[in-house]
Amino acid sequence: MTDPAERDPELLDKVVNLTKRRGFIFPSAEIYGGFRSTYDYGPLGVSMLRNVKDEWWRAMVQERHDIVGLDAAILSPPAVWAASGHLETFTDPLVDCLTCKERWREDKIGGVCPNCGGTTFTEARAFNLMFKTQAGPVEGEGATAYLRPETAQGIFTNFANVLATTRKRPPFGIAQVGKSFRNEITPQNFVFRTREFEQMEMEYFVPPAEAETWYAYWIETRFAWYVDLGIPESMLRRHVHAKEDLSHYSRGTTDVEFLFPWGFDELEGVANRGDYDLTQHATHSGVALDYFDPATNERYTPYVIEPAAGATRAMMAFLLAAYHEDEVGGERRVVLRLDPRLAPYHVAVLPLSKKPELDAVANEVLDRLSPHFMCDYDVTQSIGRRYRRQDEVGTPWCVTVDFDSLEDRAVTVRDRDTTAQVRVAIDGLVEHLAALRPPR
Numbered sequence: 003m004t005d006p007a008e009r010d011p012e013l014l015d016k017v018v019n020l021t022k023r024r025g026f027i028f029p030s031a032e033i034y035g036g037f038r039s040t041y042d043y044g045p046l047g048v049s050m051l052r053n054v055k056d057e058w059w060r061a062m063v064q065e066r067h068d069i070v071g072l073d074a075a076i077l078s079p080p081a082v083w084a085a086s087g088h089l090e091t092f093t094d095p096l097v098d099c100l101t102c103k104e105r106w107r108e109d110k111i112g113g114v115c116p117n118c119g120g121t122t123f124t125e126a127r128a129f130n131l132m133f134k135t136q137a138g139p140v141e142g143e144g145a146t147a148y149l150r151p152e153t154a155q156g157i158f159t160n161f162a163n164v165l166a167t168t169r170k171r172p173p174f175g176i177a178q179v180g181k182s183f184r185n186e187i188t189p190q191n192f193v194f195r196t197r198e199f200e201q202m203e204m205e206y207f208v209p210p211a212e213a214e215t216w217y218a219y220w221i222e223t224r225f226a227w228y229v230d231l232g233i234p235e236s237m238l239r240r241h242v243h244a245k246e247d248l249s250h251y252s253r254g255t256t257d258v259e260f261l262f263p264w265g266f267d268e269l270e271g272v273a274n275r276g277d278y279d280l281t282q283h284a285t286h287s288g289v290a291l292d293y294f295d296p297a298t299n300e301r302y303t304p305y306v307i308e309p310a311a312g313a314t315r316a317m318m319a320f321l322l323a324a325y326h327e328d329e330v331g332g333e334r335r336v337v338l339r340l341d342p343r344l345a346p347y348h349v350a351v352l353p354l355s356k357k358p359e360l361d362a363v364a365n366e367v368l369d370r371l372s373p374h375f376m377c378d379y380d381v382t383q384s385i386g387r388r389y390r391r392q393d394e395v396g397t398p399w400c401v402t403v404d405f406d407s408l409e410d411r412a413v414t415v416r417d418r419d420t421t422a423q424v425r426v427a428i429d430g431l432v433e434h435l436a437a438l439r440p441p442r
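Quick note: the sequence shown uses the numbering used here, first residue 3, plus one each step.
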């Protein structure tokens, strides 16, 4: 397994700088000095983030017959969060440094203030992480509402609706991708921990006797998803939570952890939530949320196995794992070795010059490719510099249109990782590139 001490100590700074410079991620409201721990995803970032979410949806919903999708509301009434336990238990221990007055999450600082090095703090007090707002036109007169701190509760409150409308029966799952909001005390490490983020969560409802089997299944299935999309196994591990560290709802939790620049940290959690959630919502709402199995003549409340991942955190891990520096033609090169399914651009079309006759052929090539691939078109600077730009943002293939293309109706296809080049007929270009892309 990779030793964290062997990793480039400047890797995080290099990736952060690259994402800003090349249009992946920008500090939000930067022209006004920014707003702490909020980020905007630029042209390349929004494309890559969409690809991460699409690959999750493909693996969790499209390619399975036992999981359906949902998109629940972001705003929820207090009753939902009272039933789930969030109003009472969704807290972090907050302390103030008595030296510099900065506030910190007690369990993350090890007794030493990260700002001034002080070691004296106030008594810890519970700080609820949910964002509260008012739903109504007049402040103070509307109903209290909360921005959801997770997407899971909308799935639980819709359990009966989905059961009735889809004809699914346990074991089956409900998947959701969407924004969540947590008023973190100490946001940190770029987009690793932020107050606004996107989650990819799935609740898998199973007969109680099958819960442990499905719990083990989903740990391995989710681990394999990251490997399939290009993260080396040496940069991943499974971390089983000790009983004393489990959340109030959990009968068992295992994290898929990634080797971030600061060490292994959570990438995705897989939890056996038991029947806690459906029982709580049934009790508080008065609506039955159990299941009657006609095959066994048995009525039971399903247990829930939950794989929960952060889309933005996953994107960060894919970027860190893909970042490489090597040498091509005696020159240093930065290259993102992203899986083609995740790369912001699949193909870059590069006419060798700005001459109109080359531009016409290059645009013909672009029109052929665009229905099948996310494409970039770049005609600025030397071809070598353009190759380097595309390497740096992870574009797997560059298609160069040169003067020979006017005669032989062929183009040069360059591979990002090997820099090997082959000549391909324009009429067969779509098929050639499709064969290079991993199957979906």
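By construction, the Cβ of each residue, glycine as well, lies at the ideal position given by its N, Cα and C atoms.
None of these values were measured; they are calculated from a predicted model.
- Beta-bridge partners assigned by DSSP to Ser78: Tyr148.
- A buried status is given to Phe123, since no fewer than 16 other beta-carbon atoms sit within 10 Å of its beta-carbon.
- For Gly47, the secondary structure class from DSSP, reduced to helix, strand or coil, is helix.
- Counting of Cβ neighbours within 10 angstroms places Glu12 among the exposed residues, the total staying below 16.
- For Thr168, the number of other beta carbons within 10 angstroms of its own is below 16, and it is reported as exposed.
- Per the C-alpha coordinates, the member of Leu352, Ile76 and Tyr148 positioned closest to Leu131 is Tyr148.
- No residue range can be given for Leu131, since it is assigned to no beta strand (DSSP E) and is classified by DSSP as neither H nor E.
- If you draw a straight line from the Cα of Ser30 to the Cα of Leu321, it is about 20 Å long.
- Annotation: the continuous beta strand (DSSP E) that includes Trp106 extends over Arg105 to Arg107.
- The Cβ atoms of Trp220 and Pro309 sit closer than 8 Å to each other.
- The Cβ neighbour count for Asp10, taken over all protein chains shown within 10 Å, is under 16; the residue is labelled exposed.
- Following the DSSP letters along the chain, one finds Gly254 inside the beta strand (DSSP E) bounded by residues Gly254 to Phe262.
- Within 10 angstroms of the beta-carbon of Cys99 lie 16 or more other beta-carbons, which makes it buried.
- A direct Cα-Cα distance of roughly 13 Å separates Thr255 from Arg224.
- The beta carbon of Val114 lies closer than 8 Å to those of Gly120 and Thr121 in the same chain, with the five residues before and after it left out.
- Judged by their CB atoms, Leu344 and Glu90 are not nearer to each other than the 8 Å cut-off.
- In the three-state scheme derived from DSSP, where H, G and I count as helix and E and B as strand, Thr223 is classed as helix.
- Of the candidates Met202, Lys110 and Glu222, the residue whose Cα lies closest to the Cα of His241 is Glu222.
- The shortest C-alpha to C-alpha distance from Pro95 to any of Ala85, Arg107 and Lys103 is the one to Arg107.
- Distance from the Cα of Glu433 is smallest, within the candidate group Thr420, Asp419, Arg127 and Val415, for Val415.
- If you draw a straight line from the Cα of Pro234 to the Cα of Ala177, it is about 26 Å long.
- Listed as beta-bridge partners of Met376 by DSSP are no residues whatsoever.
- Within the DSSP secondary-structure output, Cys99 pairs in a beta bridge with Phe123.
- Within its own chain, the residues whose Cβ lies closer than 6 Å to the Cβ of Glu327, once the five positions on either side in sequence are excluded, are Val336, listed in chain order.
- When secondary structure is reduced to three states using DSSP, Thr414 falls in the strand class.
- When the alpha-carbon of Asn117 is set against those of Thr281, Leu72 and Cys102, the nearest one is in Cys102.
- Here Tyr228 is buried: its Cβ has 16 or more other Cβ atoms, across all protein chains shown, within 10 Å.
- The beta-carbon distance between Met318 and Val193, rounded to whole angstroms, is 5 Å. This is short enough to meet the 8 Å contact definition.
- The C-alpha of Lys55 is placed about 14 Å away from the C-alpha of Leu269.
- Distances from the alpha-carbon of Val48 to those of Asn163, Trp216, Asp380 and Met376 put Met376 closest.
- A Cβ-Cβ distance of about 6 Å is found for the pair Leu352 and Ile385, placing them in contact under the 8 Å criterion.
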